[in-house]
Every structure is written in structure tokens, then in C-alpha cells.
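UniProt numbering numbers the first residue of the first sequence as 1 and each following residue consecutively. Just so it is clear, CB atoms sit at the ideal spot from N, CA and C, and this is done for glycine as well.
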Amino acid sequence: MTVVAFAEKNKAAAQIASILGDGEVDKISVEGLPAYEFKWKGEEWFVMGLSGHIMSYDFPEKYNKWNEVDPGVLLGIYPEKFVTRAEYAAAVKNLAKRADKIILACDYDREGENIGFEAKTLSEEVTNVPISRARFSALSPKEVKKAFENPVEPDYNMAMAAEARQILDLKMGAAFTRFVTLSVREKARTKDILSIGPCQTPTCGFVYEREKIIRAFETKDFWKITAIFVAKGGEFEGIHRAGNIYEKEKAVEIFKRLKGAKEGLVVKKTVKEAKTSPPNPLNTTEYLKRASKFLGISPEAALEVAEQLYLAGFTSYPRTETNKYADDFDFKSLVFDFARQTEYKPFAESILSAPIVPKNGEKDAHDHPPIHPIRAAARREISAAVNIPQAAEAYDLIARHFLANLMPAAVFEKTHLQLHVKEEPFDSSGTVLKDAGWLEVYPFENKKDKLLPFVEEKEKVDIKKLSNTKSKTSPPKKLTEAELLTLMDKHGIGTKATAPSHIETNKKRGYFETKGKTVSILDTGFTLMEGLSLTVPILIRPDIRSKIEALIQEVEDGKKEFEAALDEGTALIKEMYAQLEANKKELTSSIAGTIKDEAALEDKKNYIGTCKVCGHVLKIVQTDTGRFVGCSGYPDCRNSFPLPKTGALNVLRSKECKKEGAAVLKVGNKYNWAVGIGPCFKCDLEKECYPPETVGPCPECDGSMFLISFKDSRFLGCTKRCGYTHSVPKTGKLTLLDKTCGTCGWKLFRLKEEGDSPEEDFCVNRRCTEGIKYWRKTGPRNESRGQAKASGDSVSRPEAGSTARSTARSTARPTPCKVSKGPSITGERKEDRGK
DNA sequence: GCAAGGTC
């Protein structure tokens, strides 16, 4: 007699073989895959692990051309099931041919049943031997032996429920994803896929809803009146009973009444005992939440760690909804085991010193026990066996959580004081941990005391300080991953095993991101959710998942035929699809805008800023006929601005236009241009945007002298335009230094003439003895004066229909200037030639 | 190329 068993995965198969074969197991290879051969109860056994699902649904080939098939058509197609892991299928058939009896031994849940049926389907292609099912919820010798000694009938309904889910999820996901992606691509160029799914979309919906609340939040000012009291035993704080006071006048009034108060009276003291029970036993979601909150491990990583701890035999099956220990759970021998492990010894001993009463939750899904340790192990033992960094920490959390479940409640003493200050009521409270109970073994929870000094009723206490503090109400915080998991669990989004992957999908699609433990929505996610909430609101809410889940649960319970559930589910999806189609425009326009904005933001060279008309992105647009600044919201928004026709354009990010031009551009190496305003040198605010680098005070008025450079001349002019000018060396490279002249206070210049002549630093001021020295030395060679010369510049205009408001004018402009970018000066000037 | 569910 040969028995063949199929487990869900290789490691489970190995564990089963080692339990049933009692250590005497041969590892063999079937079609290149590992399997295990042994003898049990006189029979020849083969156990092989699958790799989860080895089959999958998809649409027939001809429906895979996105551009040729209307997505709605997919809803009427029955997808095909095919083998995704050919090597596994071959191995299953190979073993099935040798079998006199086949046992499905996958995980004990809906998907496990379905995976077993995949092996059953494949086996039935080559044999017709009896196929039964072994059900066990822990890979412990006791559970496994019991399950294989008493195999049962495979559960057809359970397997078909999973089948219905697969088909409905595929239909909905494929049709909606293609529809949204293709519709958006009609408006914005993108290769990205905008996916929709019955789990991923409501998951994003939770993040969106929180973001909406945060954005709509209006902060309010409030005042709080506090006192610091001094008793014999020390200081403590009291808060006026009015708490957060939202009217300023009221706070001022109370505070006025308190003015000059030197002491307070303790009118009442109450001491209460409060108990905090241990947390409920760990089911998957609770474990993932705590791993994120206490250990900072992402849900996805935490699940992987738990899986490995389970496969290595340290902890129980990690995918469970149950948070209630079975009535016959053998706590005692497990705790005894922990009593031998140094790290946990004291807690285990205290548990064993009294009758064991476990803390239990309410949920019993009859699937697996709560996640608990299978045996006590030291950190190094875990690290050696499971090669994942956080394995030891995760085991420690699971072990301590289990021990905490068996320990007494923590006892706190809470003291509350009522005080009067000039008849105004104040409250003060403190907490002291009297008996740590389970908190002893559970260092993750905060158990800080807030101490109060000892005071008695009727005691008078001094006042050290009275304050009336203004604060602001703050918006709700962003969701944490732990909170998101709670919401998903509460609304039945995904299974305990897949919740982390739905979070990952949303991140991959660019819908939201996680920073540390918090989750923040991204623009694409926000606009997509907004679009869906206006067209098919049910999609972003958990309802969509619960409707499908309810249908397939009926199949599992045998209350509904598989075909009927499929029809009903498809009808529901078709209805939603019709709504989506009818509102295509509303749905896609804002998403397309966001995608275009994101592309424009990425294009750093052409990015200008935000459009004041529509809020989208302004960018430099280059066409065959010219260039201009346009809005990414085009054609809905036609806001645009002209640009000069020639010269390379560079956006000066650090410059700000005082006339509210959208941005400042450098044109070639020549001049600056404010988008929407025109050339900066034509602007009356130019000096505010480009304050001149002054040389020193003007000797004629209270202005300052600064360097003015034209194409073929340069001189110093006065910022107040008093008419006083001053010559500078005509040739050579002039640099204004930070050093000043000790005699007159003007800044020194440095001159580098052409050729080999050395650089020299000097004062240029003719009214200064130092300056006179310089001019005497250089002689008459610099005695020319500059001439402003006009040159033209033309500007390209955007296409017709634009709302350009700046116009181009032919105008004079300065040439590049090596020293300072001084503004042009027109009008008379008188040259000072010294006296 | 699309979903969610397994597992690696």
C-alpha cells in the first residue's frame, strides 16, 4: 500500500514527514522537486509540498490585447484555469500514478482546501484512487498524527468558494483597471497602470478618507489655565476645571480672578484602584499591528518572519483569526518548558505558582489557535535556525505575549485631587503602578507613573506659578500602518495573510507611501479616490469586498450554488462598471491632470511653478513656431505667458519676482526675464529684486555709489539718481572687494588688465587721498565716459487664444557685466574729475 | 500589462 500526501509547501511536507516517519525519512526528488519517503504504520508514504496555488485563472489569449478589447467585454467571459507551475503539476501526476491512496494535507483554510483541489484535479487526470483530506492546525506531532489517523472527505464547497472569489476578483480587477488606465491615457501620456481591485482600492480609500479629514480641519485657538502647586512632598500641576477654553475673554476673566493668588486648598482627595487586563491572545492582525508598533517591522516583513518561525517549529501557524485558546490547550507543559529558559524563567515560575487562567478574546474562527510559541527557545537558537534579522525579536514578542496572557492584571492606584484657588476649581491627578502583573513580562507597553506628592484633604498648598497658555487644536494624525491594518481587519479587507500585500500594491502604484510607521496619500491616489468617490463610491469603501465575501461564504456554507454566486457577483460588477463608464469624463480629467503635473514636476528644466488660475503646473512649452510658458491643465486651462524668442533659458530657482511674475529666467548670458512681467531691466522694481552692490556713500547726497556697466563703458552712479557719477578704469577685469578703504570707507576694487600685468587692489574715490594717489599713478588713460546704447529684443507670443498679458517691447538693455548687475541709468550725469 | 490568493 502506497500513500501519497500533498502539503501546501515543501517545509510543511518535510515537517509532516519527520513527524510521521519518526526521523527515518528519505529526501527524494520528483521531477526535480523535493519530496519525502518513509514508512508509517506499515505503509509506504510519499509526502510532497506544493508552492501554494499552482494553478490560476486568466482570460483567453485573444482578450489580452488592451487596445482591441473593450474592457467591459471581460465581464461576460468565463476565464480559463491553467497550470502556472508546470514542474509541480508534473510531480503531482508522477506521484499520483504510484499511489493507492491520496491525502490532501494543505493548510486548514479556504485557500488550503482549494490548493488541495488543484492537486486533486491533476491527480484525477492520471488515477482514480480515493482522495481524502487531513486537517491539522499546527505542525505539532500530536495534531499531525491525529489528522492523518482520521482523514476526512475533501470539502468541495469550501474549495469552490475560493474558486468563485478568484473569478470575481479577476473580472473586476481586469475590467476596471483596463478601463481606468486606458481612459486616463487618452488624456495624459503615461505608461503607468492605474489599478483597481476589491482589496487594494478600499485600502487606499481608508488613507484617502483620513487625508480628507486632515485637509478639511480648521485649527481653533484655545486657552488653558494651569497652576504649579508646592506641597511638602514636592511640586505638582493642576488644571482649571474649565479645561480647554475656546473663548479668549472667558480665559482672561478667569485668570483675572486668580490674580495675586498665593495658595490653594485641597478640597477633596480620591484614591481609586484600577486594573488593566493583559491583551487578548494574538491572531494574525493583532500580531502584525504589534510588530509594527513595538518592533517597527512592516506588516509584510512581520508575516514573513512569523511564517519562518512556524516552519522552523518555534511558533504556531501564523495565519489565524482566532484569539481564544482552546479549552484543552495544554498551558502547563508549555509554561514548564519556559521555566527552563533563563530569559523567561521568573515569569513562567510565577505563572506555575497559581492555577492558570488564560486571557481570552471573543473570536473563535475554528481555524487555528492564537499565534503562540510551540516551545521555549533562546535568542541565539532562533537566530541560528531562522535567517531573518528580526526573527528573535518577533519570537520574543510572541513568547512574551503568550506568557502575559497567563499573568494577572496590572493594578494601578489613581489619585485625584480637587483644589480651590480663590474659589476657582482646579484638578490634579496621578497614577502609581501598584502591581505590574502581566506588564512585568511585557516591556513593550508604556507603564510610566505620573507621580503626585503626598497631600491630604484640607491641606493648603503654595502656588509657584499660574499661567494662561494659548494653544491650537491640531488635526487628526495621519494613519499609521498599524491603524490601517486595524481598519482592513475590521472591514474584512483581504485575508489575514494578504493584508500586508495590499498595502504594498498601493505603494507600488504610487497611490500612497509610508514614512516610518505613518502612511501618506500621494496625489495620484488622492485624485483617483476622489474620482471614484464621485462616480462609483462603493468601490473605495469596504462594502465592495464584503458583498463578494458574503456571496462566497454562502457557497462555502452550501447555501448557494457556485454558478449562482458567480452570476450574482458578475451582475454586481457589471452595474458598477456601467456607472464608471457613464462618468468617464469626471473620473479621468482630474487624474490626467495630476499625472501631467507629476510629469511636469519631474521635468526640472522646464518646470516654472503653480498656475494661479487652475492650480496645475506651469512649464516652458517649445513648439515648432516658438516657445512660451503654458499650463499642464491645457486645454481646460489656457493660462500662458510669452517668452523672449532667442537665448537659452534657465529657471533661476532662488530668484523671486517682486511683481509676482511666475518665475525668473536667465536669458542666455544676457539678462533676466520675469515670466508674466517681461525683461527685468524694464521693470521699475528691478532694484528691489537685484539690489546693486554699492561701493560706498555718495559724496553729493545720502545715496550710495554703485557700478554701472554698458557694452562699451562703465562708471559709478548714485542709487538716488542725484546725478553724481564717478569714473572707473576703462579696461581690464574689475572686481569689487569686501575690503574697504581705511581713509574714505569706499570698497576697494581689484583690476586685472589684459596680459601679464599684476592684479592690484585700490581705492577709486577721487575725493579721498588714497584714490587721488591711484588716479595720479594711472594717468589720463581712463578719462573716457560710458554711453548707454540701445539694442532691441523681440519676444515670441504663444498660440492664438492664449491669455498672455505681458508684451514685448524693443528696449535698451545692459550687456553682461562682470562686477555688478547694476540697473541702467538714463538721464544726465555729471562726471566728477576730482579737484 | 489587469486581481487576490497562495508561497520562495
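For D58, the enclosing beta strand (DSSP E) stretches over residues M55 to D58.
In summary, D70 is exposed, with fewer than 16 beta-carbon neighbours lying within 10 Å of its beta-carbon over all protein chains present.
Under DSSP, G703 takes part in no beta bridge, so it has no partner. DSSP places R766 outside both helix and strand once states are collapsed to three, so it counts as coil. The residue among C763, N244 and L139 with its C-alpha nearest the C-alpha of K472 is N244. The DSSP-derived three-state label of T623 is coil. Taking the Cβ atoms as the reference, I102 lies roughly 6 Å from A96, within the contact range of under 8 Å. Here the alpha carbons of T285 and P500 stand approximately 10 Å from one another. Per the Cβ contact rule, the segment 374-394 is in contact with the segment 305-317 (3 or more Cβ pairs under 8 Å).
Of the candidates E113, I54, N64 and Q15, Q15 places its Cα closest to the Cα of E24. Sixteen is the threshold: when 16 or more other Cβ atoms of the shown chains lie within 10 Å of the Cβ of G112, as they do, the residue is buried. Shown here for A164: same chain residues with a beta carbon closer than 8 Å to its own, the five before and five after excluded, namely L551, I552, V555, F562, A565, L566 and G569 in chain order.
Put simply, the segment 376-390 does not touch the segment 411-430. Fewer than three CB pairs are less than 8 Å apart. Contact check between the segment 530-544 and the segment 579-589: three or more CB pairs, one atom from each, fall below 8 Å, which counts as touching. At a Cβ-Cβ threshold of 8 Å, T322 and I595 do not count as neighbours. Measuring C-alpha to C-alpha distances from A571 to each of S18, M172 and E118 identifies M172 as the nearest.
Within the same chain, and ignoring the five residues on either side of W45 in sequence, the residues whose Cβ sits closer than 6 Å to its Cβ are V3 and F38. Between the segment 491-508 and the segment 177-193 there are fewer than three inter-stretch CB-CB distances shorter than 8 Å, so the stretches are not counted as touching. Counting only runs of at least 4 residues, the UniProt domain "Toprim" (1-141) fully encloses the following alpha helix (DSSP H) elements, listed from N- to C-terminal order: 10-20, 86-98 and 110-124. Between V461 and L484, the gap from beta carbon to beta carbon reaches 8 Å or more. For F314, there is no enclosing beta strand (DSSP E), since its DSSP letter is neither H nor E.
Spanning the alpha carbons of A404 and D449 requires a straight line of approximately 20 Å. Collapsing the DSSP output to three states places G696 in a strand. Residue nearest to A188 within the set T219, A409, K414 and T524 is T524 (criterion: CA-CA distance). Rounded to whole angstroms, the separation of the alpha carbons of E68 and K11 is 44 Å. Within the same chain, Cβ atoms closer than 7 Å to the Cβ of W40 are found at L20 and G21, the five residues on either side in sequence being excluded. Proximity of the segment 218-234 to the segment 372-388 falls short of the contact definition, fewer than three beta-carbon pairs being nearer than 8 Å. When DSSP states are grouped into helix, strand and coil, D462 belongs to the strand group. Following the DSSP letters along the chain, one finds V664 inside the beta strand (DSSP E) bounded by residues V664 to V667. Counting along the chain, R509 sits inside no alpha helix (DSSP H), nor does DSSP assign it H or E at all.
Contact annotation: C718 and C744 have beta-carbon atoms that are not nearer than 8 Å.
With respect to the 8 Å criterion, N468 and A251 are classified as neighbours on the basis of their beta carbons. Just so you know, the alpha carbons of W746 and G696 end up roughly 4 Å apart. Out of H368, R400, E660 and N157, the CA that lies nearest to the CA of R379 is found in R400. Collapsing the DSSP output to three states places V536 in coil. Rounded to the nearest whole angstrom, the CA to CA distance from S140 to R375 is 10 Å.
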